[in-house]
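Take a look at the structure set out below.
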Amino acid sequence: MKKEYSYPAVIAGGYDGGRLWVANFPGMSGCWAEGGNRDEVAARAPETLGMYIRSCIDAEIPIPEPLDIEELKDAEVGEVLLITCCVEV
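Dropping the structure here:
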């Protein structure tokens with residue numbers, strides 16, 4: 077059975093002289109996707125999120141609760157997107 081998970085990600089660009097974009101999942105230590113531009117990193121983010129959640133399930137550790145997307149937007153930490161993935165449980 078597959079379960080859907082949705083988490084906010086903060087998208088930022090300009091790293092490595094503008095060649096690297098990152099989608100970081102706040103509250104999920106070590107969970108981020110990288111890409112050469114905004115669209116590429118946004119496209120990679122669901123797979124990254126899914127692998128992180130799968131790792132939590134496999135290691136039998138609690139899956140972190142998603143942070144509130146509106147609070148992240150209000151904090152003006154950067155562009156915030158809601159990323160959704162499906163994971164076999």
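Going letter by letter, the sequence shown gives residues 77 to 165 in the working numbering.
Using N, Cα and C, we set each Cβ at its ideal position, and we do this for glycine too.
Looking from the CA of P84, the closest CA among R95, K78 and W108 belongs to W108.
When the five nearest sequence neighbours on each side are left out, the beta carbons in the same chain lying within less than 7 Å of the beta carbon of G89 are those of W97 and R114, in order along the chain. When the alpha-carbon of D134 is set against those of K79, E80 and V165, the nearest one is in V165. Just so you know, the alpha carbons of V156 and R130 end up roughly 23 Å apart. For the pair A121 and A99, the Cα-to-Cα distance works out to about 7 Å.
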